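Written out below as structure tokens is the structure these notes cover.
There are 6 protein chains.
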Amino acid sequence: MKAITQIKEFKEGSDIRGFFLCVEKHLRNTRSGDLYLDLVLRDRTGQITAKLWNDINELQDKFTVGDAVVVAGQVDVYLDKLQLNIKKINVASVQSYGRYGYDPGLIVPSAKSDAKQMWKEVTLYIKKIKNNFLRTLVTSIYRKYETQILTHPASVVMHHNYRSGLLEHNLSMAKIGLPLAEHYKVDMDLLMTGVFLHDIGKVKEITSELEASYSDEGNLIGHIVLGRDIAVEAAKKIKDFPPDLLKKVEHLILSHQGQYDWQSPKKPKFREALLLHLIDNLDAKMNLMEKAVEEDVEEGKWTSRRNYFRIPILKDNLENEDNGSK
Amino acid sequence: MKAITQIKEFKEGSDIRGFFLCVEKHLRNTRSGDLYLDLVLRDRTGQITAKLWNDINELQDKFTVGDAVVVAGQVDVYLDKLQLNIKKINVASVQSYGRYGYDPGLIVPSAKSDAKQMWKEVTLYIKKIKNNFLRTLVTSIYRKYETQILTHPASVVMHHNYRSGLLEHNLSMAKIGLPLAEHYKVDMDLLMTGVFLHDIGKVKEITSELEASYSDEGNLIGHIVLGRDIAVEAAKKIKDFPPDLLKKVEHLILSHQGQYDWQSPKKPKFREALLLHLIDNLDAKMNLMEKAVEEDVEEGKWTSRRNYFRIPILKDNLENEDNGSK
Amino acid sequence: MKAITQIKEFKEGSDIRGFFLCVEKHLRNTRSGDLYLDLVLRDRTGQITAKLWNDINELQDKFTVGDAVVVAGQVDVYLDKLQLNIKKINVASVQSYGRYGYDPGLIVPSAKSDAKQMWKEVTLYIKKIKNNFLRTLVTSIYRKYETQILTHPASVVMHHNYRSGLLEHNLSMAKIGLPLAEHYKVDMDLLMTGVFLHDIGKVKEITSELEASYSDEGNLIGHIVLGRDIAVEAAKKIKDFPPDLLKKVEHLILSHQGQYDWQSPKKPKFREALLLHLIDNLDAKMNLMEKAVEEDVEEGKWTSRRNYFRIPILKDNLENEDNGSK
Amino acid sequence: MKAITQIKEFKEGSDIRGFFLCVEKHLRNTRSGDLYLDLVLRDRTGQITAKLWNDINELQDKFTVGDAVVVAGQVDVYLDKLQLNIKKINVASVQSYGRYGYDPGLIVPSAKSDAKQMWKEVTLYIKKIKNNFLRTLVTSIYRKYETQILTHPASVVMHHNYRSGLLEHNLSMAKIGLPLAEHYKVDMDLLMTGVFLHDIGKVKEITSELEASYSDEGNLIGHIVLGRDIAVEAAKKIKDFPPDLLKKVEHLILSHQGQYDWQSPKKPKFREALLLHLIDNLDAKMNLMEKAVEEDVEEGKWTSRRNYFRIPILKDNLENEDNGSK
Amino acid sequence: MKAITQIKEFKEGSDIRGFFLCVEKHLRNTRSGDLYLDLVLRDRTGQITAKLWNDINELQDKFTVGDAVVVAGQVDVYLDKLQLNIKKINVASVQSYGRYGYDPGLIVPSAKSDAKQMWKEVTLYIKKIKNNFLRTLVTSIYRKYETQILTHPASVVMHHNYRSGLLEHNLSMAKIGLPLAEHYKVDMDLLMTGVFLHDIGKVKEITSELEASYSDEGNLIGHIVLGRDIAVEAAKKIKDFPPDLLKKVEHLILSHQGQYDWQSPKKPKFREALLLHLIDNLDAKMNLMEKAVEEDVEEGKWTSRRNYFRIPILKDNLENEDNGSK
Amino acid sequence: MKAITQIKEFKEGSDIRGFFLCVEKHLRNTRSGDLYLDLVLRDRTGQITAKLWNDINELQDKFTVGDAVVVAGQVDVYLDKLQLNIKKINVASVQSYGRYGYDPGLIVPSAKSDAKQMWKEVTLYIKKIKNNFLRTLVTSIYRKYETQILTHPASVVMHHNYRSGLLEHNLSMAKIGLPLAEHYKVDMDLLMTGVFLHDIGKVKEITSELEASYSDEGNLIGHIVLGRDIAVEAAKKIKDFPPDLLKKVEHLILSHQGQYDWQSPKKPKFREALLLHLIDNLDAKMNLMEKAVEEDVEEGKWTSRRNYFRIPILKDNLENEDNGSK
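Residue numbers (my numbering), protein chains in the order written: chain A, 51 to 376; chain B, 51 to 376; chain C, 51 to 376; chain D, 51 to 376; chain E, 51 to 376; chain F, 51 to 376.
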């Protein structure tokens with residue numbers, strides 16, 4: 051099979067083969083009345099208009115918007131822009147096309163670290179929870195939702211909004227949560243339980259097949275309340291789970307956004323809850339500034355103002371500094 | 051037994067007997083080293099300092115702050131203010147002192163209408179819900195929490211914050227909800243379910259023995275989420291309760307405050323939810339203006355600015371108007 | 051005469067005849083130096099660029115931006131988009147073209163109910179005002195401004211912003227105002243007067259020939275103050291109109307937006323004024339959610355966030371629910 | 051007659067005579083059942099409790115709250131504070147007691163400059179308006195409301211809230227308005243008309259017999275709209291007053307607060323209106339800072355934070371500076 | 051040399067010569083693989099796409115984005131729009147092309163008054179400062195930064211954002227500061243020092259070669275703090291500059307924006323600081339309204355809402371008014 | 051010498067000796083005309099009124115408001131409250147009365163850890179800064195301001211507002227800054243420099259002899275700008291300090307409050323600055339919740355709402371939980 055070509059490498063006249071996310075799909079008529087498919091395809095390097103003129107009947111139901119597709123075709127120019135004339139198209143999955151090079155990471159952004167490696171690290175952190183009730187609670191929930199936790203983003207448009215972003219965010223918070231809990235002498239087990247469960251409702255709120263979007267439950271109920279449900283239901287299955295301890299876990303989840311404006315129905319009312327919120331906020335903001343720099347397309351040392359912070363961010367060092375190291 | 055005297059009728063030197071709410075209770079030493087109880091008592095007409103000098107050992111554990119008490123004593127003047135010297139004191143309840151005239155309405159403010167009469171009316175409205183699932187849901191919940199619904203306030207410091215205020219608020223909303231649902235052609239059953247269940251979490255959030263305050267659950271989880279719990283648990287016991295219908299009921303409860311600032315984790319996302327929020331807001335505001343006028347102590351036509359609205363409210367007609375009626 | 055073709059039915063090459071709103075009109079030179087008219091036309095189904103190449107001198111002054119026009123022409127394609135080559139064009143009015151099918155409702159959105167029918171209903175509600183002064187006040191004003199009330203929108207870009215929207219809004223508020231006034235035991239006559247007069251200033255604020263926009267008076271003084279003027283002037287002509295009653299009517303109009311941010315110079319200071327504001331707000335919000343759903347172009351159950359509420363709205367039922375009706 | 055004693059000069063045991071504002075008046079019973087009057091009196095130097103024990107029947111209706119009173123009595127001490135035992139009391143006015151030294155300025159704060167002198171200056175500024183319509187408009191209004199303009203405060207609790215404060219504020223704005231209008235090349239006549247009329251509604255909004263408070267009209271309609279009424283009515287009596295010029299004057303008054311939050315139903319929409327608002331704001335803020343310093347009671351160079359600005363204000367020079375003048 | 055043609059005068063087919071600002075510059079390949087330059091040029095009258103096909107190697111490094119360029123070329127039409135085919139291009143400066151008609155005012159907007167004339171006026175105002183320390187302070191700073199003060203804008207996107215805007219703003223403030231300082235009896239020297247130095251940090255914050263943008267210092271430290279630095283450093287060089295006087299000058303600069311939201315780390319704490327802030331605000335707002343009218347492109351009497359004030363502004367007189375002048 | 055008695059241990063009739071902060075001091079006349087001193091004294095356990103009747107001439111100038119005083123006297127009761135009759139009084143300092151038990155910690159709140167011990171730890175952290183320029187910068191500043199850093203609070207009324215609070219806050223931030231800098235891969239030296247210098251301006255902003263208050267510099271310039279001054283001046287004395295590195299240090303200090311509302315003239319614009327702000331905020335919030343619990347005087351599990359967070363905080367565990375530890 052031919053090599054994979056990414057969108058930014060497309061040239062007029064070249065034949066290409068590649069994997070893309072189908073982001074628009076319209077069945078239209080040519081002026082002569084024939085049917086054709088008018089598509090928009092995207093991969094991690096760019097986006098392009100594509101047309102499918104032939105075999106419409108056969109091919110049009112093979113895929114839909116939101117699918118990963120494998121495509122062969124030829125690049126030409128229309129109204130001064132590149133477009134792709136598709137010859138063959140099919141839905142792509144790791145099962146069917148993995149051996150031909152398909153990887154979701156080609157078409158949607160992903161966390162930088164490997165999801166399985168991160169999962170292992172998270173598992174070690176969970177084992178450090180000494181309180182049996184809490185450790186069992188977190189363990190049972192992570193076992194149940196392992197598949198989703200491995201791939202879900204932490205949000206749709208904000209921080210860690212990429213494949214495995216939720217896992218990355220939780221792991222990052224665990225790493226900093228440990229020394230902070232110790233420093234502020236809060237209940238470490240409670241804090242770590244909060245770290246691992248605060249966003250667990252995202253696995254129900256966000257439908258995450260390549261393009262993240264909100265589920266009905268997500269729209270109507272939201273991840274904060276859905277996450278608390280997951281905790282309450284799992285606790286019910288653990289014999290003698292102390293009710294007051296459960297109330298604290300519920301509060302950790304409900305208050306983790308820290309303020310009403312961010313859809314938390316409660317503000318943090320004890321130290322572990324406050325620290326959880328502060329760590330969550332800190333990890334999210336650090337991620338957002340990293341993203342602001344990475345996604346910026348301006349020339350020069352400063353990003354544009356079009357980012358979460360609405361200010362220019364310094365992209366690199368002002369100069370090569372003499373750091374005067376010993 | 052002697053007639054009941056209310057605080058505003060106290061006169062220097064008179065012997066009184068009455069029922070009061072104990073709002074403060076301190077065990078102190080006289081300068082000569084003897085123990086005495088320093089109390090603050092309140093009824094619907096006022097508040098007074100009271101002292102108990104004798105039989106401390108015997109009497110001091112008979113009651114605590116927040117209790118209704120039956121008291122006999124004598125009024126005198128200390129530092130230019132009336133105070134009560136207590137001779138006898140005991141905790142009061144409807145069971146033990148009802149026949150001697152005790153009624154919680156003597157010592158805490160209550161809804162103007164009779165709670166049992168309001169309950170009957172509410173029952174009739176619930177019967178109008180045609181959808182079997184929803185009617186059964188509301189009925190089973192009202193049956194379970196009947197005792198609390200009969201006496202709970204609708205809030206601690208805001209609207210309908212008096213005995214049976216929750217019931218009064220729900221009934222008021224039902225009465226206006228019916229014509230509004232019809233006018234706007236929304237699903238009447240869904241709206242009425244929202245009316246009866248939107249504040250049901252208050253029965254867990256507010257501890258309401260005479261002095262309303264927040265329970266641990268209320269502080270940590272809040273009435274919005276607790277109310278949804280009540281609905282979800284009741285629905286589980288109803289065979290074949292449609293899951294999508296339940297999601298809507300959950301959303302009705304979660305979004306009824308209408309905005310994040312007021313601790314709703316979701317804003318209304320369909321017409322019944324929006325109308326529920328608007329009716330709730332309308333009924334609360336009308337109640338708050340009524341309270342602002344009733345509680346004002348200024349002379350003249352206008353209240354002071356010390357009310358929910360932070361503006362002077364017109365207390366009565368500007369003049370006796372010639373209304374020119376036919 | 052040929053049948054009317056609406057813009058969404060235009061096809062390349064077809065000859066059409068139709069009624070449109072002229073939304074842009076520019077006199078330009080072709081590269082060869084000849085004059086032509088470059089227009090944008092709109093009807094309820096869409097918008098199109100149009101060119102008029104001939105008889106410029108004769109035709110260019112026959113109509114202006116904001117006019118309804120009757121057009122005959124041919125559809126062709128330019129730079130990959132449809133455009134209309136106009137052969138004949140003239141200004142259209144119900145008087146001259148009504149019999150050929152012209153109706154303002156073809157080119158601008160209108161209330162769903164018939165304006166004359168709504169007017170009749172409003173008249174009946176006005177008759178229910180028992181206070182002679184108030185009934186005479188409302189009647190005289192509605193008589194004077196009948197023409198405008200029949201066609202004006204209730205706003206330029208917000209709720210009920212379509213032909214006869216003001217009338218629809220007033221009628222809707224009257225229908226719900228009646229039971230609400232009764233329930234809250236407020237002065238029904240005063241409330242209904244407020245309902246019918248609160249937005250009456252819109253007839254001076256908004257110039258409403260097809261495209262609603264603000265008059266000089268609207269820009270400089272605003273409908274709230276203009277509406278009060280209308281009430282004050284009408285009251286002057288009513289013998290012995292009680293001055294304090296008039297002050298209340300003035301306050302109803304001035305405070306109906308309910309908060310300073312929404313350009314009310316006063317907040318509601320008595321119960322009828324508060325209820326008027328709450329009903330106005332309720333009716334506007336219900337209309338805005340209805341519009342948000344109707345105007346949404348997204349596929350799926352949820353609207354986009356591009357609406358008044360800035361959240362996705364549920365467009366239809368989640369599923370065909372088993373409603374378990376008896 | 052004896053010399054006048056001001057409250058801050060009161061000493062235990064001394065006999066005094068003076069003029070005061072009666073700010074509280076309660077008819078009460080002594081413990082032995084006799085009637086007495088319990089009063090609070092105030093003058094520019096302080097406030098004191100006063101008791102009237104004798105001749106109640108005769109004296110109690112001679113004055114009411116808000117009246118200026120002439121009092122003779124003796125100072126004693128009760129519960130460690132000074133109080134005044136009244137022997138004689140009567141209502142005081144300039145007519146009846148002016149020759150004995152009564153002056154409203156003794157009991158309520160007043161502008162520093164003499165009202166009549168300020169009135170003369172204002173008159174000269176009005177004469178500088180060249181446009182006949184506008185000059186006649188302002189002149190006729192000032193003639194009609196001369197009495198009130200001479201004594202009204204510019205606000206109840208904010209800037210220039212003292213006797214003749216409105217006049218002082220208008221004069222101050224006129225003085226700076228002249229050079230500013232010239233500098234920014236705006237229509238001087240329009241601006242000066244705005245200066246003199248922007249707050250004219252205060253003469254109806256504020257009832258100003260010694261203690262400023264809001265009239266019914268003030269509460270229900272407000273000075274902004276009432277002021278525009280005054281302008282519109284006066285313009286009607288001026289032959290051929292140009293309607294567009296009147297609309298501008300109306301807008302000047304309606305928009306002078308500059309933002310909706312401050313109860314202006316319109317924001318300034320032309321340069322004269324914007325400049326009027328900016329001058330009004332500037333003059334008010336300068337007055338508020340002056341007041342903050344004058345009214346502060348802290349020791350040291352800095353005021354407390356309890357002022358309009360919510361920050362400490364520097365009261366005097368940091369040190370005696372060497373200014374290095376030539 | 052040929053006459054200069056401005057962009058709005060370009061016609062298809064004509065040969066032109068002119069001065070422009072290069073706002074975009076991309077080196078691209080034609081489909082046949084040859085290099086060409088794809089540019090966007092701008093002058094005060096418009097903007098156009100330009101192509102340079104020949105002598106790329108020689109010409110491409112002669113200029114960069116942000117440069118003023120002198121261009122000769124021919125206008126043609128591509129995809130229905132005018133574009134310029136460049137024959138010759140070079141960087142332009144007053145030194146090299148001034149005698150051929152180059153003036154920065156041709157390509158970027160400038161203050162209406164002549165910079166040198168304004169400088170002279172400013173100098174006279176500075177001389178009016180009587181306090182030797184303050185006059186020397188301002189004089190030394192203006193001498194040092196004369197070049198920048200002559201050309202800097204007062205902001206990048208807000209008020210006076212054009213060539214010499216800073217100087218224009220300072221002069222305007224000085225003109226109104228004089229009568230205002232006198233009227234409010236504040237320390238005139240201190241106020242005028244504030245007028246001349248409040249924005250002096252802009253000379254370091256804004257890099258202003260034709261296209262204004264922020265320097266690294268501007269981004270990291272900001273003009274408020276940079277301006278104070280300039281004052282502090284200059285004062286150090288003045289013998290015996292009184293430290294408390296310097297603190298006041300520092301506060302004038304730090305607090306001139308008047309509120310934290312506008313990046314002032316302090317609010318005005320004495321009368322001169324408050325007045326400086328109010329004058330600065332007044333002059334900026336008047337300038338912004340003037341700009342809003344000048345930059346508006348709507349037909350009719352009213353601007354669009356797309357301006358600083360977010361409301362329509364009245365562009366001219368409502369009508370030709372009869373002003374009734376004597 | 052007699053034992054020290056703290057205010058909460060005072061009893062009627064007892065003779066006491068102790069150290070107190072003099073918080074009010076007024077010279078008054080008795081009714082018989084003799085002079086006496088009316089004082090308010092405070093220590094860490096409470097506050098009391100005190101009178102000094104004798105030897106006024108000799109004693110009145112020995113101390114002033116804000117001084118620590120050593121007092122001998124007798125407790126009696128006046129108007130039902132305890133007060134202290136002073137026999138001897140003198141100003142107290144560690145030098146003169148340390149050996150008799152005086153310690154500032156008796157009369158003002160202090161950090162829990164010993165200041166000298168914290169200083170040692172801070173010194174070790176400073177040594178970990180590898181960059182010579184930065185380490186030298188921090189070291190020289192801490193050497194210069196050692197005395198103030200040892201005793202200053204971190205704020206007047208907010209977090210760490212007690213003796214040595216600034217040192218405690220800096221040390222706490224250093225401890226958590228180290229692992230966080232490592233985790234987020236930011237420049238550790240830059241972050242730690244920010245940690246140690248971000249609040250250094252407090253040593254000039256706050257005058258801190260027992261009662262913290264603002265200096266003139268603090269009021270006019272503020273700790274953020276004053277702190278940057280300290281850094282800039284110290285850097286000037288370090289040979290070849292890289293200018294771009296200094297700009298970053300300046301930005302760290304200027305932006306550490308994170309938002310304009312909190313008086314930072316810049317928001318954080320690179321990762322170290324953002325992390326510094328987040329750590330500062332986190333440490334302050336954790337301290338504020340600890341204080342809210344410690345300072346609460348309510349009975350029961352929950353604090354009142356009168357704290358920084360405006361919500362009830364859970365003071366202790368809900369119950370003794372079975373934590374199910376292994």
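Built from N, CA and C at the ideal position, the CB exists for glycine as well. Small disclaimer: the values here were computed from a predicted structure and weren't measured.
Per-residue burial, residue i [other beta carbons within 10 Å of its own, 16 or more giving buried]
i      : result
B:I191 : buried
A:D333 : buried
C:I179 : buried
C:S160 : buried
Cβ pair residue i, residue j closer than 7 Å
i      : j      : result
F:M339 : A:L324 : yes
B:H219 : B:K252 : no
Integer-rounded CB distance, given that residue j should sit under 8 Å from residue i
i     : j      : result
C:F69 : C:L200 : The Cβ separation is near 20 Å, so there is no contact.
Spatial distance of residue i from residue j (CA atoms)
i      : j      : result
E:G83  : A:L77  : 36 Å
F:H209 : C:N357 : 42 Å
B:S314 : A:I256 : 20 Å
A:S354 : E:K75  : 18 Å
First through last residue of the beta strand (DSSP E) which encompasses residue i
i      : result
F:G244 : F:G244 -> not in any beta strand (DSSP E); alpha helix (DSSP H) instead, spanning 238–247.
C:V90  : 85–93
Range covered by the alpha helix (DSSP H) that runs through residue i
i      : result
B:E348 : Segment: none, B:E348 is in no alpha helix (DSSP H) and carries neither H nor E.
A:D266 : 266–270
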